[in-house]
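Student: Sharing a structure, written as structure tokens. Questions coming.
There are 2 protein chains.
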Amino acid sequence: MAGLPELGLEQFDPESARCQGVSGVLQRVGDKWSVLIVAILAAGPRRFSQLRREIPAISQRMLTLTLRSLERDGLVSRTVTPTIPPRVDYELTTLGHSLQQPVLALAQWAVAHLPEIAEAQARFDTTRERPR
Amino acid sequence: MAGLPELGLEQFDPESARCQGVSGVLQRVGDKWSVLIVAILAAGPRRFSQLRREIPAISQRMLTLTLRSLERDGLVSRTVTPTIPPRVDYELTTLGHSLQQPVLALAQWAVAHLPEIAEAQARFDTTRERPR
DNA sequence: CTGTATCCGCTGAGATACTG
DNA sequence: CAGTATCTCAGCGGATACAG
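Just so you know, the protein sequences line up as chains H and P, in that order. Just so we're aligned, residue 96 is where the first sequence starts under my numbering, counting upward by one. Just so we're aligned, residue 96 is where the second sequence starts under my numbering, counting upward by one.
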């Protein structure tokens, strides 16, 4: 958070529901797969196995868990079609779509400043160590 | 990320340096203490022990580690004054300040949609389980 | 096809004690 | 004051196997 005042967090209180909630959202953004899945679903609904193919690096377990969390938070809707074999479609909710603007802004900041960050890291690493 | 195209991530490649970098930034934002520390430093430089007092819940170890990471990424500058006892001031860099806009946007999104999220979670939890 | 259940190693993070 | 060094434990996340 930048200005805590702007958020109604004048004096930091880690116990307040508001702070907990904000922190929760930030952690969801920081989690390994959530943002990527939301980004993919932003282009349209996908079936479970489509997502697996589009994200080869994810394990089945983590795909399931991540989708469950997103569903629980109301960002993604899950629609089961009980055919045989079964079919499950995942789709971004309105809330899920609304998350995209701020997240995209952050991602663009990241892309824009990647060189600067890499340079700072390189400088730090060479300056401060010869770690063994 | 919302539109991967907008980021130059047309087809997802987890190995690409760009994707790694964006992911790294998102994880820094999601990390437990980084954003809070950046928010506090946004109001002005602080000494190590001032930060400890302003964030009672953080351990000395995590404060040190978090500040080191932020310094490594070029978001925070560390200034040692070798008096006795020593004095160390932490301050946001220009890059650190520039991170605030997108992060604040995200935090404001979170605050705005907190009720909606809580409601979705409650619905999910009551609908899907009586976990024992 | 779409999951759930298990096992398991790695890392994150707290508590505590010690140092310049 | 401002750290570093250990120890420890819990939880994330991968691999694999099984189920509806």
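We treat Cβ as the ideally placed atom computed from N, Cα and C, and that holds for glycine. Bear in mind that the values here come from a model prediction, so they are computed numbers and not experimental data.
Judging by CA-CA distance, which residue of P/R142, P/T178, P/P181, P/T188 is the nearest neighbour of P/D168?
Tutor: Looking up residue 168 of chain P in the second sequence gives position 73. When only C-alpha atoms are compared, the closest one is P/T188.
Student: Give the range of the beta strand (DSSP E) segment to which H/D184 is assigned.
Tutor: As a first step, residue 184 of chain H must be located in the first sequence, where it is residue number 89. H/D184 -> beta strand (DSSP E) spans 182-187.
Student: I'd like to know if the region 152-165 of chain H and the region 168-183 of chain P are in contact, where contact means that at least 3 CB-CB pairs between them fall below 8 Å.
Tutor: The region 152-165 of chain H vs the region 168-183 of chain P: no contact.
Student: How many whole angstroms separate the CB atoms of H/V124 and P/G125, which I take to be in contact at a CB cut-off of 8 Å?
Tutor: The sequence position of residue 124 of chain H within the first sequence is 29, counting from 1. The sequence position of residue 125 of chain P within the second sequence is 30, counting from 1. The Cβ separation is near 5 Å, so the contact holds.
Student: Identify the contact partners of H/Q155 in chain P, using a Cβ-Cβ distance below 9 Å as the criterion.
Tutor: Counting from one through the first sequence, the residue named residue 155 of chain H turns up at place 60. Chain P residues near H/Q155: none, gap ~16 Å exceeds 9 Å.
Student: Determine, using beta carbons only, whether H/A137 and H/Q195 come nearer to each other than 8 Å.
Tutor: In the first sequence, the residue the question calls residue 137 of chain H occupies position 42. In the first sequence, the residue the question calls residue 195 of chain H occupies position 100. Their beta carbons are under 8 Å apart, which means H/A137 touches H/Q195 by this criterion.
Student: Quick check on this structure: which residue in P/S111, P/M157, P/P210 has the alpha carbon closest to the alpha carbon of H/R120?
Tutor: Against the first sequence, residue 120 of chain H aligns to sequence position 25. What sits at residue 120 of chain H in the sequence shown is Val, not Arg. If we check each option's Cα against that of H/V120, P/P210 comes out closest.
Student: Hey, how far is the Cα of H/S111 from the Cα of H/I179?
Tutor: Looking up residue 111 of chain H in the first sequence gives position 16. Looking up residue 179 of chain H in the first sequence gives position 84. Whole-angstrom Cα-Cα distance: 47 Å.
Student: Look up P/S129 in the DSSP assignment and say whether it is helix, strand or coil.
Tutor: Position 34 of the second sequence, counting from 1, holds the residue named residue 129 of chain P. In this structure, P/S129 counts as helix in the three-state DSSP scheme.
Student: Checking 8 Å against the spacing of the C-beta atoms, do P/R142 and P/V183 come in under that value?
Tutor: As a working note, residue 142 of chain P is residue 47 in the second sequence. As a working note, residue 183 of chain P is residue 88 in the second sequence. Contact: yes.
Student: Distance check for P/M157 and P/P151, CA to CA, integer angstroms please.
Tutor: Locating residue 151 of chain P in the second sequence gives position 56, where the first residue counts as 1. Locating residue 157 of chain P in the second sequence gives position 62, where the first residue counts as 1. Approximately 12 Å, taken between the alpha carbons.
Student: Under 8 Å by Cβ, that's how I've got P/G116 and H/A217 pegged, so tell me the actual separation to the nearest angstrom.
Tutor: Within the second sequence, numbered from 1, the residue matching residue 116 of chain P stands at position 21. Within the first sequence, numbered from 1, the residue matching residue 217 of chain H stands at position 122. That belief does not hold up - the Cβ atoms of P/G116 and H/A217 are roughly 13 Å apart, past 8 Å.
Student: Per DSSP, what kind of secondary structure is P/T176 in: helix, strand or coil?
Tutor: Taking the second sequence and counting its residues from 1, one reaches residue 176 of chain P at position 81. Residue state, collapsed to three classes: strand.
Student: P/L199 and H/L201 look like a contact to me (Cβ under 8 Å); what is the Cβ gap, rounded to whole Å?
Tutor: Taking the second sequence and counting its residues from 1, one reaches residue 199 of chain P at position 104. Taking the first sequence and counting its residues from 1, one reaches residue 201 of chain H at position 106. About 10 Å separates the two Cβ atoms, so there is no contact after all.
Student: Pull up the distance between the alpha-carbon of P/S129 and that of H/T221, whole angstroms please.
Tutor: Residue mapping note: residue 129 of chain P aligns to position 34 of the second sequence, counting from 1. Residue mapping note: residue 221 of chain H aligns to position 126 of the first sequence, counting from 1. When rounded, the distance between both Cα atoms is 23 Å.
Student: To which residues does DSSP link H/I142 through a beta bridge?
Tutor: Counting from 1 along the first sequence, the entry for residue 142 of chain H is found at position 47. It should be pointed out that residue 142 of chain H corresponds to Arg in this sequence rather than to Ile. BP columns for H/R142 point to H/D184.
Student: Take H/Q155 and list the residues in its own chain whose beta-carbon comes closer than 8 Å to its own, dropping the five residues that flank it on each side.
Tutor: By one-based count along the first sequence, residue 155 of chain H stands at place 60. Taken in chain order, the residues that qualify are R147.
Student: In angstroms, rounded to a whole number, what distance separates the CA positions of P/P197 and H/Q203?
Tutor: For the purposes of this step, residue 197 of chain P is identified with residue 102 of the second sequence, where counting begins at 1. For the purposes of this step, residue 203 of chain H is identified with residue 108 of the first sequence, where counting begins at 1. Roughly 9 Å separates the two Cα atoms.
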